[in-house]
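Residue numbers (this note's numbering), protein chains in the order written: chain D, 1 to 431; chain Y, 1 to 431.
We put the CB at the ideal spot given by N, CA and C, even for glycine.
These numbers were taken from a predicted model, which means no experiment stands behind them.
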């Protein structure tokens, strides 16, 4: 294991030298959002680094893109393609390693080290990408089955198409926010008494506000409209990954979603973690996903089994009183469809994918009751209490509750993680 | 009726002095996309006009935004708000009228007139707006009923929510193209024999490629995330309108759309007309929409009856042999929900609407068989031939077919129209 000269890097940090995730920061000294990477408790300011005379020598692949880390999003960097991300990540790993081949740039340069290494508590995180379109898939098999059974009964839990194609829907990009943003409880049309006929909606704050534990995937390079991305080339179109909480108002969703899918039940907010873990950093953690017993259409056949990642995922709920309970621990391996399959399917008809587009995996739940990625499942459709520390219980979220998602791979000293994806619920706007 | 000094303005042009729609053009002399308005057979180049010394005098409301018409989209202009659009439209109407109060600027300025008035056949049209999110509603009552009956039978044609809220779904913004762009037939998963169980999809070019006749609405000013737009204020958030063809692959859609809504059946292409007709220009053509027998939730109550527009709509189909048949003539009044109601519903839970967001009305069909805005309806679910000139018939679109949508209001000499929304079908990409 290679070690770093950066001080105070805990062996349990998700931001080890094996990671090097990219994000967008601002600071009191430089309030214009710009690029950084995370290492231990620090953010290395790539804008300041790129102003160093030796930048083009250390990052020869960026010699024609010297201002790229001064931009307010990572889109231009992402658009350079995966081989460039790989070279830049390796060069940063070298710069930060104890045995760096360029000690003069940062390790032995007290002035730049002092200004360019910000303690992360002193920087503000921003959305890492300008997101053109956001698509949310439904690839979490155990979630799709459990929720399908609740909405439509166990006989029709999985629709006939589920094992043939990665089902997904177009989401709302305008309401994607970075971790830490307050989430306002949405008002919407809800049916208080679902047994009454005809159904009578009322306009009220959602009473069934929920989370969805997901992995998000950012696109790097686009395809032209009319062309499709082959499943075996799709990895090359991926920039990296974030944790994603697809906040969901179940009562609004239940009433609105037929026949055209979720709308106001979802579009009030989606939270993502701020640091984009590059695709390369997750490569060592590949594993096999959920078996699909249906023969695949050719365009979905990857010719490999290890097509998902085994990321340990954890969801904590903090009550307004401050008590924290881990309500879910599971793995991102419980997907029936991989991101390459989602990309191949999404572009099959020629739909153009653009740099910065975001794909959500769909809610990730494991087979056991402690592995459910939504309160809808944890409370068995809102029928059972989820027990919390502090003698408290929940079926859905209360005002003042905060939800923190964490995800990490690897062992002590070389962890690759996402940090936190956090949101706290505010009361609804007055009617 | 006020007349214009611009030459050769036919009394039947959709671009009379009563209209003044905005678009984005480029020309061989100036290939960088920039703003223009349409008048008769001409495009008035607003970039060249804004470089005239008197610009700030003629458009005092733009005196701090002199470069606004040099931008490649209309977003910055739209973001200035409806009162600014109103003043600018009025000032342009004055500049172009025979009795203009500023003859020295254009009417009597041969040099600028010569350079700034392009014949429209000499300019290329571009997408008028940078579109953040695209949402497609389902407000065309006769279409929703007819298609619902086909997919789910007449008993369940309209879902219980249909008359309570404007049903809609998030569309794909990356595949919105301007009129004239070739449309490639999408490949997708389709079920050839819908009676076989279990259903077996195959991957093939769509065999049921269709159109959807819609009106599109561009947003001007945003709301903040967490706040909603009141239905009575929503008009102030509207920039203007375009014609929209929501190309649809019915076979792909039928297989994929449960439970999360349309996806690849729609996201391969959406065509819009290039000229944005400002909201003010349509005001004289207000009328009453389709009666809704259900008492409205308060947030949807506009307190007025004339909440839609009576735009005469026409769809022509041109075969590869060149024969043109008008397959539909109807009116945009056949909506059960108005755009202000769609905006109020969309933002009810706090979803932020941004400048340049596009809303589609949903397919507009009238009650009679000649007024159906999709081939699905015209062919009664693909079961009957639609008769065309040239001894030809269609149920769905063939490669080489072109579809032209037109829309116009008002009487000769003062027409307010959209021009054309055109697309021609290319064969599918090789599998």
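- Item | Nearest-angstrom Cα separation, counted from residue 13 of chain Y out to residue 24 of chain Y | Sequence index remark: in the second chain, residue 24 of chain Y carries index 24 (1-based). Sequence index remark: in the second chain, residue 13 of chain Y carries index 13 (1-based). Distance between the alpha carbons of residue 24 of chain Y and residue 13 of chain Y: 19 Å.
- Message: Under DSSP, the alpha helix (DSSP H) around residue 389 of chain Y begins and ends at which residues?
- Response: Position 389 of the second chain holds residue 389 of chain Y. Residue 389 of chain Y -> no alpha helix (DSSP H), and no H or E assigned at all.
- Message: So with CB distances below 7 Å, who are the chain Y contacts of residue 500 of chain D?
- Response: What the structure shows of chain D is the stretch from 1 to 431, and residue 500 of chain D is not part of that stretch, so it cannot be assessed.
- Item | residue 250 of chain D, buried or exposed, once every other Cβ within 10 Å from all chains shown has been counted against 16 | In the first chain, counting from the first residue as 1, residue 250 of chain D sits at position 250. Residue 250 of chain D comes out buried.
- Message: I need the boundaries of the beta strand (DSSP E) containing residue 92 of chain Y, first residue and last residue.
- Response: Here residue 92 of chain Y refers to the residue found at position 92 when the second chain is read from its first residue. No beta strand (DSSP E) holds residue 92 of chain Y; the alpha helix (DSSP H) holding it covers 82 to 96.
- Message: My parser needs the beta strand (DSSP E) runs of 3 or more residues fully inside the region 141 to 195 of chain Y; what are they?
- Response: 168 to 170, 176 to 178 and 187 to 191
- Task: Under 8 Å between beta-carbons, which chain D residues line up against residue 256 of chain Y? List them in chain order, please.
- Result: Locating residue 256 of chain Y in the second chain gives position 256, counting from the first residue. Result: 161, 165 and 167.
- Query: Helix, strand or coil: how does DSSP classify residue 13 of chain D here?
  - Reply: By one-based count along the first chain, residue 13 of chain D stands at place 13. Correct three-state label for residue 13 of chain D: coil.
- Beta carbon of residue 412 of chain D nearer than 9 Å to that of residue 395 of chain D: Here residue 412 of chain D refers to the residue found at position 412 of the first chain. Here residue 395 of chain D refers to the residue found at position 395 of the first chain. Residue 412 of chain D places its beta carbon 9 Å or farther from that of residue 395 of chain D.
- Item | 8 Å Cβ shell around residue 99 of chain Y - same chain, five flanking residues per side excluded | Sequence index remark: in the second chain, residue 99 of chain Y carries index 99 (1-based). If we look at residue 99 of chain Y and ignore the five residues flanking it on each side, its Cβ neighbours are 2.
- Considering residue 418 of chain D, what are the terminal residues of the alpha helix (DSSP H) in which it resides? In the first chain, the residue the question calls residue 418 of chain D occupies position 418. Note, residue 418 of chain D: premise wrong, no alpha helix (DSSP H); beta strand (DSSP E) at 416 to 426.
- Message: Does residue 368 of chain D pass the burial test, meaning 16 or more other C-beta atoms within 10 Å, or should it be called exposed?
- Response: Against the first chain, residue 368 of chain D aligns to sequence position 368. Exposed, since its Cβ has fewer than 16 Cβ neighbours within 10 Å.
- Message: Please list the terminal residues of the continuous beta strand (DSSP E) segment that includes residue 442 of chain Y.
- Response: With chain Y covering 1 to 431 only, the question about residue 442 of chain Y has no answer from this structure.
- Going along the region 343 to 362 of chain D in order, which residues come within less than 8 Å of chain Y, judged by CB to CB distance? Correct list: 345, 346, 348, 349, 350, 351, 352, 353, 354 and 357.
- Output yes or no for whether 9 Å exceeds the beta carbon distance between residue 176 of chain D and residue 329 of chain D. Along the first chain, one-based indexing puts residue 176 of chain D at 176. Along the first chain, one-based indexing puts residue 329 of chain D at 329. Taking 9 Å as the Cβ cut-off, residue 176 of chain D and residue 329 of chain D do not qualify as a contacting pair.
- Item | Nonlocal neighbours in the same chain, by C-beta distance under 8 Å from residue 101 of chain Y, ignoring five residues either side | The residue you call residue 101 of chain Y lines up with position 101 of the second chain. Only 94 meet the Cβ criterion.
- Task: Can you pull the chain Y residues whose beta carbon is under 9 Å from the beta carbon of residue 23 of chain D, in chain order?
- Result: In the first chain, counting from the first residue as 1, residue 23 of chain D sits at position 23. The contacting residues do not exist; residue 23 of chain D stays about 21 Å from chain Y at best.
- Task: Note down the Cα distance separating residue 121 of chain D from residue 44 of chain D, rounded to an integer number of angstroms.
- Result: Residue 121 of chain D sits at position 121 when you count from the first residue of the first chain. Residue 44 of chain D sits at position 44 when you count from the first residue of the first chain. Taking the straight line from one Cα to the other gives about 13 Å.
- Message: Between the alpha carbons of residue 187 of chain Y and residue 213 of chain D, how many angstroms are there, rounded?
- Response: Within the second chain, residue 187 of chain Y is the residue found at index 187, counting from 1. Within the first chain, residue 213 of chain D is the residue found at index 213, counting from 1. Their backbone Cα atoms lie some 32 Å apart in a straight line.
- Message: I'd like to know whether the C-beta atoms of residue 414 of chain Y and residue 17 of chain Y end up nearer to each other than 9 Å.
- Response: Within the second chain, the letter at position 414 stands for residue 414 of chain Y. Within the second chain, the letter at position 17 stands for residue 17 of chain Y. Taking 9 Å as the Cβ cut-off, residue 414 of chain Y and residue 17 of chain Y qualify as a contacting pair.
- Message: Three Cβ pairs or more, each shorter than 8 Å: is that satisfied between the region 127 to 143 of chain Y and the region 339 to 358 of chain Y?
- Response: yes
- Message: Helix, strand or coil for residue 138 of chain Y? Go by DSSP, reduced to three states.
- Response: Walking along the second chain from the start, residue 138 of chain Y turns up at place 138. Of the three classes helix, strand and coil, the one that applies to residue 138 of chain Y here is coil, per DSSP.
- Task: Have a look at residue 376 of chain D and residue 382 of chain D and give me their C-alpha separation to the nearest angstrom.
- Result: Residue mapping note: residue 376 of chain D aligns to position 376 of the first chain, counting from 1. Residue mapping note: residue 382 of chain D aligns to position 382 of the first chain, counting from 1. Between residue 376 of chain D and residue 382 of chain D, the C-alpha separation is close to 6 Å.
- Query: Quick one: Cα of residue 315 of chain Y to Cα of residue 326 of chain Y, how far?
  - Reply: Numbered from its first residue, the second chain carries residue 315 of chain Y at position 315. Numbered from its first residue, the second chain carries residue 326 of chain Y at position 326. Cα-Cα distance, rounded: 6 Å.
- Whole-angstrom distance between residue 231 of chain D and residue 346 of chain D, CA atom to CA atom: As a first step, residue 346 of chain D must be located in the first chain, where it is residue number 346. As a first step, residue 231 of chain D must be located in the first chain, where it is residue number 231. Straight-line Cα distance between these residues: approximately 11 Å.
- Proximal chain Y residues relative to residue 63 of chain D, where beta-carbon distance stays under 8 Å: To locate residue 63 of chain D, count along the first chain from 1; it is residue 63. Ordered by position in chain Y, no residue passes the 8 Å Cβ test against residue 63 of chain D, which lies about 28 Å from the chain.
- Name the two residues that bound the continuous beta strand (DSSP E) containing residue 358 of chain D. As a working mapping, residue 358 of chain D is identified with position 358 in the first chain. Its beta strand (DSSP E) spans residues 358 to 360.
- Task: Would you be able to state if there are at least three C-beta pairs under 8 Å between the region 76 to 88 of chain Y and the region 208 to 225 of chain Y?
- Result: yes
- Message: Quick check for students: name the residue ranges of the beta strand (DSSP E) that lie wholly in the region 275 to 358 of chain Y, counting only runs of 3 or more.
- Response: 312 to 318 and 324 to 331
- Item | Same chain, Cβ closer than 7 Å to residue 273 of chain Y, neighbours up to 5 away in sequence not counted | Here residue 273 of chain Y refers to the residue found at position 273 of the second chain. Hits under 7 Å: 179, 242, 243, 418, 419, 420 and 421.
- Query: Helix, strand or coil: which one does DSSP assign to residue 207 of chain D?
  - Reply: Reading the first chain from its first residue, position 207 is the one you call residue 207 of chain D. If DSSP states are grouped into helix, strand and coil, residue 207 of chain D belongs with coil.
- Message: Counting only C-beta atoms, is residue 152 of chain Y closer than 9 Å to chain D at any point?
- Response: Translated into positions along the second chain, residue 152 of chain Y becomes position 152. Chain D contact via Cβ: present.
- Query: First and last residue of the alpha helix (DSSP H) that includes residue 55 of chain D?
  - Reply: Here the question's residue 55 of chain D lines up with position 55 in the first chain. For residue 55 of chain D, the enclosing alpha helix (DSSP H) covers residues 55 to 58.
- Message: Quick check on DSSP: helix, strand or coil for residue 258 of chain D?
- Response: Translated into the one-based positions of the first chain, residue 258 of chain D becomes position 258. Residue 258 of chain D: coil per DSSP, three-state reduction.
- Task: Along the alpha helix (DSSP H) that carries residue 50 of chain Y, what are the first and last residues, could you check?
- Result: To locate residue 50 of chain Y, count along the second chain from 1; it is residue 50. Its alpha helix (DSSP H) spans residues 46 to 50.
- Task: State yes or no: is the C-beta of residue 148 of chain Y within less than 9 Å of the C-beta of residue 259 of chain D?
- Result: The residue you call residue 148 of chain Y lines up with position 148 of the second chain. The residue you call residue 259 of chain D lines up with position 259 of the first chain. Pairing residue 148 of chain Y with residue 259 of chain D gives a Cβ-Cβ distance under 9 Å.
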